[in-house]
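Visitor: Following this message is one structure expressed as structure tokens.
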Amino acid sequence: MFPTKTILFIAVVSLLITFSFAAVDTFIYGGCSQAKYFPGSPYESNVNSILTSFVNSASLYTYNNFTLDGISGDSSVYGLYQCRGDLSSGSGDCARCVARAVSRLGSLCVGACGGALQLEGCFVKYDNSTFLGVEDKTVVVRRCGPPVGYNSDELTRRDAVVGYLTASSGGSYRVGVSGEVQGVAQCTGDLSVSECQDCLMESIGRLKSDCGGAAWGDVYLAKCYARYSARGSYSRANGSGGNHNSNDDEIQKTLAIIVGLIAGVTLLVVFLSFMAKSCERGKGGK
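All letters in the sequence shown, in the order written, are residues -22 to -1, 1 to 264 by mature numbering (1 follows the signal peptide of the UniProt record, and there is no 0).
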């Protein structure tokens, strides 16, 4: 039996680990095709294989794509995964995020011929028709925060950040910061340089036109996304690595839960210790 102090330490450490990883693990969106495959079919086997390949590859690379050709044409599967540009394979953050995304996608899209899922830190997708190297600017998620009112300095900073995200020299993963304003943009690794720029321009253009006066904004297209935040306000899926929703309240709630659980474990330990001593005194009195 573990000593009570060890049990308390394990409980506290596990809670802190769960809390520290919550930002990367945050769900943003997911979707499945209407077409279904037959259980036990070659296509199901290929889907399982390609999802397993995602997890295995993510420990070495932050992006990869796969094609599994089936015995028959209708059993071929195509897929890709990608981690956020600031996550590394060496730290294990990318692999953990992809493993979580694959697990959630498997639960969300049971029996579906295609599915895609975006977490805060990574994106995974598979389908029975090839989408690799194909530009797709379909709007998947578009949301804006509350208006912040006119502030010339803040608007100037926001324009500077969004302008940097627009620059073609920024690469496929772009981060911009100016004062309290920050932004991030990224496209999937299967796009060419010109396709990536075209996709990001579309996403950033929608971000500016739809959310230009908002405290934060997210625009996810099928193959890229752009986001910004200002004045410490964020959507639930903050592209710079936090999980904020004007997020002080959410953080306080989470911390309150953690503190409450720790306090509960402590009280339980004290109670069990008291009961053990009472039993020992009872035996001594016999």
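Virtual Cβ for every residue (Gly too), placed ideally from N, Cα, C.
1) Does DSSP classify aspartate 137 as helix, strand or coil?
2) Can you tell me whether residue 272 is buried or exposed, with buried defined as 16 or more other CB within 10 angstroms of its CB?
3) Can you give the Cα-Cα distance for valine 153 and glycine 99, rounded to whole angstroms?
4) Would you identify the three-state DSSP class for cysteine 91, choosing helix, strand or coil?
5) So glutamine 175 is in the beta strand (DSSP E); what residue range does that whole segment cover?
6) Give the C-beta separation of cysteine 202 and cysteine 165 to the nearest angstrom, bearing in mind that I take them to be a contact with Cβ-Cβ under 8 angstroms.
7) Ordered along the chain, which non-local residues of its own chain (more than five positions away) have a Cβ less than 7 angstroms from that of isoleucine -13?
8) Which residues bound the beta strand (DSSP E) around tyrosine 21?
9) Can the beta-carbon of threonine 40 be found closer than 8 angstroms to that of cysteine 61?
10) Is it the case that the Cβ atoms of valine 126 and alanine 204 are separated by a distance below 8 angstroms?
11) With 16 as the cutoff for other CB atoms within 10 Å, does leucine 143 come out buried or exposed?
12) Sorted by chain position, which residues of the same chain lie with C-beta nearer than 7 angstroms to alanine 208's C-beta, five sequence neighbours on each side aside?
13) Tell me the rounded alpha-carbon separation between asparagine 34 and glycine 84.
14) Figure out for me which residue from Pro124, Asp114 and Asp196 has the closest Cα to the Cα of glycine 167.
15) Taking the alpha helix (DSSP H) that leucine 199 falls in, what are its first and last residues?
16) State the Cα-Cα distance for the pair serine 69 and valine 162, rounded to the nearest angstrom.
17) Output needed for threonine 108: all residues of its chain with C-beta closer than 7 angstroms, excluding positions within five of it in sequence on either side, in chain order.
18) With a threshold of 7 angstroms on Cβ separation, who are the neighbours of tyrosine 15 within its own chain once the five nearest residues in sequence on each side are excluded?
19) For residue 271, which of helix, strand or coil comes out of DSSP?
20) What distance in whole Å lies between the Cβ atoms of valine 118 and alanine 200, which are believed to be in contact at a cut-off of 8 angstroms?
21) Here's the rule I'm using: 16 or more other beta-carbon atoms within 10 Å means buried, otherwise exposed. How should valine 102 be labelled?
Guide: Taking the coordinates as given:
1) helix
2) This structure gives no information on residue 272, because the portion of the chain shown stretches from -22 to 264.
3) 14 angstroms
4) coil
5) Not the beta strand (DSSP E): glutamine 175 falls in the alpha helix (DSSP H), residues 171 to 189.
6) 4 angstroms
7) Unreliable placement is indicated for isoleucine -13, whose pLDDT of 28 sits below 50; no coordinate value is reported for it.
8) That residue, tyrosine 21, is in no beta strand (DSSP E); its alpha helix (DSSP H) goes 20 to 36.
9) yes
10) no
11) buried
12) Val126, Glu132, Arg136, Glu158, Val159, Ala193 and Trp194
13) The straight-line gap from Cα to Cα measures roughly 16 angstroms.
14) Asp114
15) Where leucine 199 is concerned, there is no enclosing alpha helix (DSSP H), although the beta strand (DSSP E) it sits in stretches over 194 to 199.
16) So the two alpha carbons sit approximately 21 angstroms from each other.
17) Tyr56
18) If we look at tyrosine 15 and ignore the five residues flanking it on each side, its Cβ neighbours are Tyr21, Glu22, Gly89 and Cys91.
19) Since the first residue of the chain shown is -22 and the last is 264, residue 271 is not available in this structure.
20) 6 angstroms
21) Answer is buried; the Cβ neighbour count reaches 16.
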